[in-house]
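If you count the sequence shown from 1, you need to add 90 to reach my numbering.
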Amino acid sequence: TRLRTVTGVQTCALPICRAALDRQINAQADRIQRMASAPGKSAPQDAAAREFDKLLAESRDLDERIRKSSPRYAALAQPMSPTARELQSLAGRDGAMLRYFLGAEKSWVWLVTGVGVRAFPLPGRRELGPRVRSAFQGVARRGGADLVELGRTLLAPLEGVAATRVLVAADGALESLPFAALPFRGE
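Below, the structure written as structure tokens:
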């Protein structure tokens, strides 16, 4: 393939090789998708799928080479997600972290404390979006039942948690919500 020619050259910068490989993978995925939409399964489709798998393996190998040859670049270009244990250590004994994910029909919030990680279901984006907009109006009025109710919904996982500091990682409409304005524990 063309990539082997590119990666075989010693002067090729790994990020450039990464971009070339990504283009090949995307082109191959498009080709497979076009073949899949054609009637019947064919030998060329099977060959294309095998080639795609081979490209993905090359991609993993190249990612590993990038991580080994340039750890600083890899840390920027391919950041590793923290583990639950790392998040727990960041929260510490007196802190908590709330990570929200908004889905169309159902959303989730993960509560991370020094003791553990728990997940709680929330209403979906379709229900929360209008409630967030209404809560903004409540902030403008310095209060309001909508703001109180939204605080109860979004901060419920903190009930019973003795946290002196809370880190919030919001999603979607929640990203613009001033969480500090949400009343909590009878405030």
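From the three backbone atoms N, C-alpha and C, an ideal C-beta is built for every residue, glycine too.
Give me, in chain order, the residues of the same chain whose beta-carbon lies closer than 6 Å to that of residue i; leave out the 5 immediate sequence neighbours on both sides.
i      : result
VAL222 : ALA263 and LEU267
THR243 : none
ALA260 : TYR190
Within its chain, find whatever has a CB closer than 7 Å to the CB of residue i; leave out the 5 residues flanking it on each side and keep chain order.
i      : result
LEU245 : LEU272 and PHE274
Please determine, among the options, the residue with the shortest C-alpha to C-alpha distance to residue i.
i      : options                           : result
PRO220 : ASP236, VAL207 and ARG162         : ASP236
PHE191 : ARG215, VAL251 and LEU166         : ARG215
GLY204 : PHE142, GLU239, ALA139 and GLY182 : GLY182
ALA253 : LEU240, LEU188, GLU265 and VAL238 : LEU188
GLY241 : ALA259, PHE269 and SER224         : PHE269
Please work out which residues of its chain come closer than 8 Å, Cβ to Cβ, to residue i, disregarding the five sequence neighbours upstream and downstream, and give them in chain order.
i      : result
PRO302 : Nothing can be reported for residue 302, as the shown portion of the chain is limited to 91 through 277.
So is residue i buried or exposed if we call it buried at 16+ other beta carbons inside 10 Å?
i      : result
VAL199 : buried
LEU218 : buried
GLY250 : exposed
LEU145 : buried
GLN227 : exposed
With DSSP as the reference, label residue i as helix, strand or coil.
i      : result
LEU86  : One cannot answer for residue 86 here, as it falls past the ends of the chain, which runs 91 to 277.
VAL199 : strand
LEU267 : coil
VAL222 : helix
ALA260 : coil
PHE142 : helix
ARG183 : coil
LEU111 : helix
Stretch pair the region 205 to 214 + the region 137 to 157: three plus CB contacts closer than 8 Å:
For the pair of segments examined, the region 205 to 214 was found not to touch the region 137 to 157: the number of CB pairs separated by less than 8 Å stays below three.
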